[in-house]
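These notes are about the structure you will find just below.
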Amino acid sequence: MAGPGRHFLQIPGPTNVPDRILRAINRPTMDHRGAEFAEFALKLLDRTRSIFKCSGPVFIFPTSGTGAWEAALSNTLSPGDKVLMYETGHFASLWKSMAAHLGLEPVFIEGDWRSGIDPSKIANQLKQDTAHAIKAVCVVHGETSTGCTSSIKDVSDVLRDGGHPALLMVDVVSSLATADFRQDEWNVDVAIGGSQKGLMLPPGLGFNAVSERALEISKSTHMNTGFFDWNEMVGPNSQGFFPYTPATNLFYGLSEAIDMLHEEGLDQVFSRHQRHGEATRRAVSAWGLENVCLKPQYYSSTLTAVMMPDGHSGDAFRKIVVETYNMSLGSGLAKLADKIFRIGHLGDFNDLMLMGTLSGVEMGLERAGVPHHRGGVQAALDYLSADT
Ligand SMILES: *Cc1c(COP(=O)(O)O)cnc(C)c1O
50 MAGPGRHFLQ IPGPTNVPDR ILRAINRPTM DHRGAEFAEF ALKLLDRTRS IFKCSGPVFI
110 FPTSGTGAWE AALSNTLSPG DKVLMYETGH FASLWKSMAA HLGLEPVFIE GDWRSGIDPS
170 KIANQLKQDT AHAIKAVCVV HGETSTGCTS SIKDVSDVLR DGGHPALLMV DVVSSLATAD
230 FRQDEWNVDV AIGGSQKGLM LPPGLGFNAV SERALEISKS THMNTGFFDW NEMVGPNSQG
290 FFPYTPATNL FYGLSEAIDM LHEEGLDQVF SRHQRHGEAT RRAVSAWGLE NVCLKPQYYS
350 STLTAVMMPD GHSGDAFRKI VVETYNMSLG SGLAKLADKI FRIGHLGDFN DLMLMGTLSG
410 VEMGLERAGV PHHRGGVQAA LDYLSADT
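The opening position of the sequence shown corresponds to residue 50 in this note's numbering, with each subsequent residue numbered one higher.
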């Protein structure tokens, strides 16, 4: 990136990688079959559970979030199985397409891309499924394409209250370590994560946090899994090893990220994200712009997606911002392309970084000739300085 000072990477992932993590990664790669690695990896695999709040195994693959979706589906299901999915936005739609591609039969509950999950719609589908043909309910916790977050506890309650045996799989790629997530308490069977969002790492790791029930089911399913086979991981992982070369240097970074999250405290991490979400929404409404997310119950603490006024291009606006202020904002995806922009306020982020970000947006709106009111930055500043 040209110009002095730091680039502002305010897309909702990959996020700004803190210096501590960059330094942790910047070490010689060690022998992944040696004793030193085994000791390190055993501890790391165990400590990773504290982020998912789970007691079952966490499998870590050298892949992205998309690979971790495939791992979750292909380990637990068989061709022709019905899976219930919910159209919260682009990521839910991609996951559904992948399910169809893998030979599953997704049942897709339609959504408007401006709200989170209505659990009663899942309840209705499950109630009709008296034969228990639906083998899994797959939902996205934080829908990064729209800035809408859903209540996973409510989805989980629907499954439990209806007595339906389907597995619950949750995409937490952008919500992990940015919003509260409790795998065990919410009876989530597979949580799917990625390294480059709340975990503050570069891209390259995909996670499956797995319940004992899901692991048991995976032993008798019939989809072809090779690289992503959990059952190939279990044995080696129990000794601190992997069935193939793991992303050793990203593991150093992951270890550092877990330290950082616990030093701050996960609850503090979540409330910091909530606070920045609230400050951002105040700025957006002071600008007179519209939040993509329509209802407060779904507001995201991870990112805020903003509607462009009619006749104005989100991509043209973002181009001016990056060229003038050296800040990357998130684009609109799929049917929201060019209609919105997204402000990532997640990961290694503080009040002054948020104020810099919002200043860049406000100056960019002015420069791009996008109709707005001034005072968004001031509204955020007032909120942050009153609420410490
Ligand atoms: C980023 C993201 C993904 C995709 O992850 P990749 O690492 O790009 O494959 C999936 N789901 C959600 C909610 C995401 O934010």
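We put the beta carbon where it would ideally sit given N, CA and C, even for glycine.
Remember, predicted model here, so these are calculated numbers, not experimental data.
Beta-carbon proximity of residue i to residue j, cut-off 8 Å
i: Val-107; j: Thr-115; result: no
i: Ala-429; j: Met-404; result: yes
i: Val-259; j: Gly-242; result: no
i: Cys-8; j: Cys-342; result: Residue coverage of the chain in this structure runs from 50 to 437, which leaves residue 8 outside it and unanswerable.
i: Leu-382; j: Val-355; result: no
i: Leu-250; j: Leu-299; result: yes
i: Gln-174; j: Val-189; result: no
i: Pro-111; j: Leu-254; result: yes
i: Ser-287; j: Gly-191; result: no
i: Val-204; j: Ile-171; result: yes
i: Ile-266; j: Phe-230; result: no
i: Ala-117; j: Asn-257; result: yes
i: Thr-297; j: Met-79; result: yes
i: Glu-312; j: Ala-73; result: no
Endpoints, the alpha helix (DSSP H) within which residue i is located
i: Asp-308; result: 297-313
i: Ile-201; result: 201-211
i: Ser-267; result: 261-267
i: Asp-400; result: 400-416
i: Leu-93; result: 84-101
Heavy atom of ligand 1 within 7 Å of residue i beta-carbon
i: Gln-245; result: yes
i: Val-222; result: yes
i: Pro-252; result: yes
i: Glu-136; result: no
i: Val-107; result: no
i: Ser-142; result: no
i: Gly-191; result: yes
i: Thr-115; result: yes
i: Gly-62; result: yes
Bounding residues of the beta strand (DSSP E) (the contiguous stretch that carries residue i)
i: Lys-131; result: 131-135
i: Phe-157; result: 154-158
i: Thr-125; result: Not the beta strand (DSSP E): Thr-125 falls in the alpha helix (DSSP H), residues 114-125.
i: Ile-60; result: No beta strand (DSSP E) contains Ile-60, which DSSP labels as neither H nor E.
i: Gly-16; result: The requested residue 16 is not part of the displayed model; the chain covers only 50 to 437.
i: Gly-393; result: 389-393
i: Phe-110; result: 107-110
i: Met-218; result: 216-220
Assumed close pair residue i, residue j - CB separation to whole angstroms, cut-off 8 Å
i: Tyr-347; j: Ser-169; result: Actually they do not touch by this definition, with Cβ atoms about 15 Å apart.
i: Thr-64; j: Gly-396; result: 3 Å
i: Trp-279; j: Leu-303; result: That pair is no contact at about 19 Å.
i: Phe-57; j: Thr-351; result: Actually they are not in contact, since the Cβ atoms of Phe-57 and Thr-351 sit about 17 Å apart, beyond 8 Å.
i: Gly-379; j: Pro-61; result: 5 Å
i: Phe-291; j: Pro-285; result: 5 Å
i: Ile-369; j: Gly-413; result: 6 Å
Cβ-heavy atom distance, residue i to ligand 2, below 7 Å
i: Ile-158; result: Ligand 2 is absent from the structure shown, which contains only ligand 1.
Proximity test, Cβ basis, 8 Å: residue i and chain C
i: Ser-205; result: In the structure shown, chain C does not exist; there is a single protein chain.
Meets three-Cβ-pair contact criterion under 8 Å: the region 87-106 and the region 319-331: no
Are the region 175-189 and the region 355-368 touching by the rule of at least three beta carbon pairs closer than 8 Å? no
Mind the definition here: the region 116-132 touches the region 234-249 only if three or more C-beta pairs lie below 8 Å; say whether that holds. yes
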